[in-house]
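There are 2 protein chains.
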Amino acid sequence: MDQMENQVTDTPKGQLSARIHHDIEQRILLGEWAPGFRIPLERELMETYGCARMTVNKALSALAASGLIERRRKAGSFVSQPLSQSAVIEIPDVRAEVEAIGQVYRLEVVSRQQRRSTRDDMERLNVQSPRQVLAIHCRHFAGRRVHAFEDRLIDLVSVPEAVDISFADEPPGTWLRGHVPWSEAENRISAFNADSMLATRLDVKEGSACLQVERSTWRGKRPITAVRMFYPGETYRLVAHFSPKGAMPRRDSA
Amino acid sequence: MDQMENQVTDTPKGQLSARIHHDIEQRILLGEWAPGFRIPLERELMETYGCARMTVNKALSALAASGLIERRRKAGSFVSQPLSQSAVIEIPDVRAEVEAIGQVYRLEVVSRQQRRSTRDDMERLNVQSPRQVLAIHCRHFAGRRVHAFEDRLIDLVSVPEAVDISFADEPPGTWLRGHVPWSEAENRISAFNADSMLATRLDVKEGSACLQVERSTWRGKRPITAVRMFYPGETYRLVAHFSPKGAMPRRDSA
DNA sequence: CAGTGGTCTAGACCACTGA
DNA sequence: CAGTGGTCTAGACCACTGA
Chain A
-19 MDQMENQVTD TPKGQLSARI HHDIEQRILL GEWAPGFRIP LERELMETYG
31 CARMTVNKAL SALAASGLIE RRRKAGSFVS QPLSQSAVIE IPDVRAEVEA
81 IGQVYRLEVV SRQQRRSTRD DMERLNVQSP RQVLAIHCRH FAGRRVHAFE
131 DRLIDLVSVP EAVDISFADE PPGTWLRGHV PWSEAENRIS AFNADSMLAT
181 RLDVKEGSAC LQVERSTWRG KRPITAVRMF YPGETYRLVA HFSPKGAMPR
231 RDSA
Chain B
-19 MDQMENQVTD TPKGQLSARI HHDIEQRILL GEWAPGFRIP LERELMETYG
31 CARMTVNKAL SALAASGLIE RRRKAGSFVS QPLSQSAVIE IPDVRAEVEA
81 IGQVYRLEVV SRQQRRSTRD DMERLNVQSP RQVLAIHCRH FAGRRVHAFE
131 DRLIDLVSVP EAVDISFADE PPGTWLRGHV PWSEAENRIS AFNADSMLAT
181 RLDVKEGSAC LQVERSTWRG KRPITAVRMF YPGETYRLVA HFSPKGAMPR
231 RDSA
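Taken in sequence, the protein lines are chains A and B.
Per my numbering: the first sequence ends with 234, consecutive numbering throughout.
Per my numbering: the second sequence ends with 234, consecutive numbering throughout.
As structure tokens, this is what we get:
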């Protein structure tokens, strides 16, 4: 374990189960235990660490949930073959995002329209029946520069109280997050060339590459909002930190 | 709980702790328990479900790890204020990605060069000292269309065995995943306009918006590889599924 | 300083599954 | 069919922290 290899992290002193988790994780990540390797059995680890089986089990269950190991009854626990990588992207609040880079945030509502949903609206919200919606266009500034252009649709059936909000002070996304619980969301990230409308909004040249993040949010099966965020391509970057996991924790298995 | 609201998921029958987890999660996601609400104490839930405290604790710990609730000693457990959203992006193997959309995968190695690292190479790998590196350019085809262009740098100090690999059959990313364990990675996603070189490689018009995914991978503190993947903007989309979490599980707290 | 969660113990019974 | 992990029990002691 602690050979000449530079030790990245020290073994935590606090909880025993965390220490077991950490020890095993290190051996896997530093390659000492390769994919396919059978790690010690729960009963063996109990003896190694002089603890109860539940303590070992807690550590191994967490490792299995994160995809680093796979557990099979009768056979034991094995280091996973890294199959698909998964990255966790943090999508912070727009205001927080701007302020994090030391800029002054400013919101400009370009338009705000309540209307009966058009065909396009219904497609964006993924609903069959027409309904009242709120369409909002706004610009998020970082200092004098346009940080992002937002094109949002809010389903007024799911969020009737949005009718009374001007969004002059609080960005729609921030307001929604604070007022409407949601259970599902999906993001689609793509690149595309700014047309003349968007170029004007973002204050970039027509044809400039922009990053588009489309997000749809549901509460149960009811759509809440659909938003398109556009960022100038030269300046914006989504940063994701990776972990070497085969799969993410299953939400339905506690 | 089961009022007229359409029930999205049924309560699982299997494990008791999973059932408790699910019950509480549903109440939060469907808005019955709003942010700030104090959920029942462990001792109360013990009585409700007629089980041991460990069983309740397992469910609540998982909910806390996923950021849905916050736990405070003496005070109890509270539904979290949704602060930052986090999305999990799956980055599948390139070949698998192409085959998943029903296309025939083909790899074309454009160039493969072993060299002493240039200034630019060292910057990309984030190292101070010069070293031998392997620079690979290749194109990934989906049928006749170019799916992606890859510009990769491999640190031969960390991965000396790469010297002997031609990468004619197996994409570099796939080979690396199978042969080199890694512990850290970072992704940077951006949009930019294709210059003439990239336009030729991707078989698109010069100036077309492209999605660029830069990824750096480390093993401990040693860099393994740095790659830039370019995707034509019109066709490629990164899809991320969201979960309403304040934070992702801390890896260091088991 | 009393109540809450954090963690652990030393068992138990069982489902599954590979030899 | 024996060995492994999955889950649960009924306790315990303690750290922390808010009333």
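We put the CB at the ideal spot given by N, CA and C, even for glycine.
- Cβ-Cβ distances below 7 Å link Ala179/B to Lys185, Glu186 and Ser188 in the same chain, with the five nearest sequence neighbours on each side left out; the list follows chain order.
- Look at Gly200/B: its C-beta is under 8 Å from a C-beta on chain A.
- For Ser66/B, the chain A residues whose C-beta falls within less than 8 Å of its own C-beta are Val68, Ile69, Glu70 and Ile71, listed in chain order.
- DSSP places Val78/B in the helix class (H, G or I) of the three-state scheme.
- Under DSSP, no beta-bridge partner is assigned to Ser109/B.
- The continuous stretches of beta strand (DSSP E) do not include Leu40/A, which lies in the alpha helix (DSSP H) extending over residues Arg33 to Ala45.
- Straight through space, the alpha carbons of Ile19/A and Val143/A are spaced by roughly 58 Å.
- Within chain B, no C-beta atom comes nearer than 9 Å to that of Ser109/A; the closest sits roughly 15 Å away.
- Apart from the 5 residues on each side of it in sequence, Glu5/B sits with its Cβ closer than 7 Å to the Cβ of Leu43 and Leu48 in its chain, given in chain order.
- About 5 Å separates the Cβ atoms of Arg195/B and Val207/B, confirming a contact at the 8 Å cut-off.
- Within chain A, the residues placing a beta-carbon under 8 Å from that of Arg217/B are Arg168, Ile169 and Ser170, ordered along the chain.
- CA-to-CA, the gap between Arg99/A and Leu114/A works out to about 14 Å.
- Boundaries of the alpha helix (DSSP H) around Asp3/A: Leu(-4) to Leu9.
- Just measuring C-alpha positions, the residue of Arg181/A, Pro152/A, Ser176/A and Glu166/A sitting nearest Ala220/B is Glu166/A.
- Contacts with chain A at 8 Å (Cβ-Cβ) do not include Asn37/B.
- Per DSSP, the continuous beta strand (DSSP E) segment holding Leu87/B begins and ends at Tyr85 to Arg96.
- Not a single C-beta of chain A is nearer than 8 Å to the C-beta of Gly30/B.
- Under the three-state reduction of DSSP output, Leu25/B falls in the helix class.
- For Gly47/A, no Cβ of chain B is located within less than 8 Å of the residue's own Cβ.
- Just measuring C-alpha positions, the residue of Leu40/A, Ser(-3)/A and Val137/A sitting nearest Ile204/A is Val137/A.
- Within chain A, the residues placing a beta-carbon under 7 Å from that of Arg157/B are Pro62, ordered along the chain.
- Neighbours of Glu79/B across chain A, judged by C-beta separation under 9 Å, do not exist; the nearest C-beta is about 13 Å away.
- Interface flag for Gly187/B against chain A is set, since a Cβ pair is found closer than 8 Å.
- Put simply, the CB of Cys118/A is far from chain B, with every gap to its CB atoms at 8 Å or more.
- Following the DSSP letters along the chain, one finds Pro20/B in no alpha helix (DSSP H), marked with neither H nor E.
- In the DSSP secondary-structure assignment, Val184/A is not bridged to any residue.
- Contact between Phe58/A and Phe129/A is ruled out by a C-beta separation of about 49 Å, above the 8 Å threshold.
- Among the bridge pairs identified by DSSP, Val193/B is matched with Ile169/B and Met209/B.
- In this structure, DSSP gives Ser138/B a state outside helix and strand, which the three-state scheme calls coil.
- Interface flag for Ala220/A against chain B is set, since a Cβ pair is found closer than 8 Å.
- Around the Cβ of Ser46/A, a 10 Å sphere holds 16 or more other Cβ atoms; the residue is buried.
- In terms of Cβ geometry, Val126/B and Leu182/B form a close pair [threshold 8 Å].
- For Gly153/B, the enclosing alpha helix (DSSP H) begins and ends at Pro152 to His159.
- For Glu77/A, same chain residues with a beta-carbon under 8 Å away, outside a window of 5 residues either side, are His127 in chain order.
- Assignment of Asp175/B by DSSP, reduced to helix, strand and coil, places it in the coil class.
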